[in-house]
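Taking it in order: structure first as structure tokens, then the write-up.
In the working numbering, the protein residues as written are 12 to 394.
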């Protein structure tokens, strides 16, 4: 091996470039020889040589075939795990750290890689980076989040990550990424979107595990609802999956519905039904107020809202039951909602509401307020 660090570094870069060029044909490079040389360079005393050596592994692992090749090499895995865990992560030179994490993200992308890496304490330095996210460039954060996301596809990795507070840490990072002026700002808007997408993807993966759901509820309502409003579709979709997972736990739906109720533009009518049919009287009042607002519109919004209520399974029946609620605040609002639905929904909907009211045994005075006709007159008009 050359005594010149420049020669060693350039040799590593040449191998890295050849690997990238021949990624689909690794055997043509003499895979075992190449890996032995690259592993040797990882222990070089010159950090620039080590960083260059890491690029070899990064380029090898770009393809799934290459990632599997590295995952099946105990020497490679142990070398990388040692580099990440033998000293505090903050003392690793940034160029080396970035390459190490990129390789780890590539290897854990395949199931075998995630399974092998989960046997090492690599989550400790990875999560330490996210705990101090503002100290690292966005590229390092992106690779780090991808590692968490990949671990979340593997049962053992997911359990370990959650036990080490990965949910809370990732949600904290998400909050900072969503407010770049006060938190984490990438160099370009595209990079900001990509980092947001990857962070919410990691949270989505973790949220499907039962132990993660209460953590999402405790720390994730604000940032996840913000992601539901994000203009990027994949961010919205991942946030929706995470919210759906969290809503499977007790009080989950109520927690997110309260937040959604504050944003009437975002609100979907079906999201109100859990609050209307639940036990929390304050939630019922809030949900009814939102319906009143939506139905007060003089345009197509009110008409669409009226028909959407009918389309939502059991929602109309729930409103009928609320008319009979002994609490005046709920009773009066339920009357107003049904009255507006009758006014804005057209003749067919008016008939349907009247028939439902009759079947429900709604008192005559309330029936007349809602339908605008006495029960007798209604029977004559709609027979």
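In this text, a Cβ means the ideal position worked out from N, Cα and C, and glycines have one as well.
In terms of Cβ geometry, residue 317 and residue 346 do not form a close pair [threshold 9 Å]. Our two residues, residue 342 and residue 336, have alpha carbons roughly 5 Å apart in a direct line. According to the DSSP assignment, residue 373 belongs to no alpha helix (DSSP H), since it is labelled neither H nor E. Looking at 197, 198, 208, 380, the one whose alpha-carbon comes closest to that of residue 182 is 208. The residues 182, in chain order, have a CB closer than 6 Å to that of residue 231 in the same chain once the five nearest residues on each side in sequence are set aside. C-alpha of residue 351 to C-alpha of residue 306: approximately 6 Å in a straight line.
About 4 Å separates the beta carbons of residue 213 and residue 159, which is inside the 8 Å limit, making them a contact pair. When the five nearest sequence neighbours on each side are left out, the beta carbons in the same chain lying within less than 7 Å of the beta carbon of residue 338 are those of 292, in order along the chain. In the DSSP assignment, residue 87 falls within the unbroken alpha helix (DSSP H) covering 85 to 96. Restricting attention to 206, 96, 370, 116, the CA atom closest to the CA of residue 136 is found in 96.
Per DSSP, reduced to three states, the secondary structure at residue 59 is helical. Within the same chain, and ignoring the five residues on either side of residue 329 in sequence, the residues whose Cβ sits closer than 7 Å to its Cβ are 284, 287, 288.
Counting C-beta pairs closer than 8 Å gives three or more between the segment 133 to 151 and the segment 97 to 110, which meets the contact rule. In this chain, the alpha helix (DSSP H) harbouring residue 75 covers 75 to 82. Distances from the alpha-carbon of residue 382 to those of 354, 371, 370, 372 put 354 closest.
Minimum Cα-Cα distance from residue 64 among the listed residues 74, 51, 170 corresponds to 51.
Between residue 88 and residue 128, the CB-CB gap stays under 9 Å. Assigned with DSSP and collapsed to three states, residue 161 falls in helix.
Here residue 140 is near residue 112, since their CB atoms are less than 9 Å apart.
Under the 10 Å beta carbon count, residue 199 is surrounded by fewer than 16 other beta carbons and is classified as exposed.
Within the segment 164 to 233, no beta strand (DSSP E) run of at least 3 residues lies entirely inside it. In the three-state reduction of the DSSP assignment, residue 131 falls in the coil class, being assigned neither a helical nor a strand state.
The shortest CA-to-CA distance from residue 189 to any of 76, 130, 378, 206 is the one to 206.
For the pair residue 130 and residue 82, the CB atoms are not nearer than the 9 Å cut-off.
By the Cβ neighbour-count rule, residue 376 is exposed, with fewer than 16 other Cβ atoms within 10 Å of its own.
Straight across, the Cα-Cα distance linking residue 79 with residue 109 is about 21 Å. In this model, residue 372 and residue 254 are separated by some 38 Å (Cα to Cα). No residue range can be given for residue 147, since it is assigned to no alpha helix (DSSP H) and is classified by DSSP as neither H nor E.
Rounded to whole angstroms, residue 171 and residue 161 show a C-alpha spacing of 13 Å. Between residue 125 and residue 186, the C-beta spacing is not below 9 Å. Around the beta carbon of residue 324, fewer than 16 other beta carbons sit within 10 angstroms, so the residue counts as exposed.
Secondary structure of residue 364 (DSSP, three-state): helix.
In the same chain as residue 281, and ignoring 5 residues on each side of it, the C-beta atoms closer than 6 Å to its own belong to 323, in chain order. Secondary structure of residue 280 (DSSP, three-state): helix. By alpha-carbon distance to residue 195, the top candidate from 151, 167, 116 is 151. By the criterion of a C-beta distance shorter than 7 Å, residue 340 is surrounded in its chain by 296, once the five residues flanking it on both sides are discounted.
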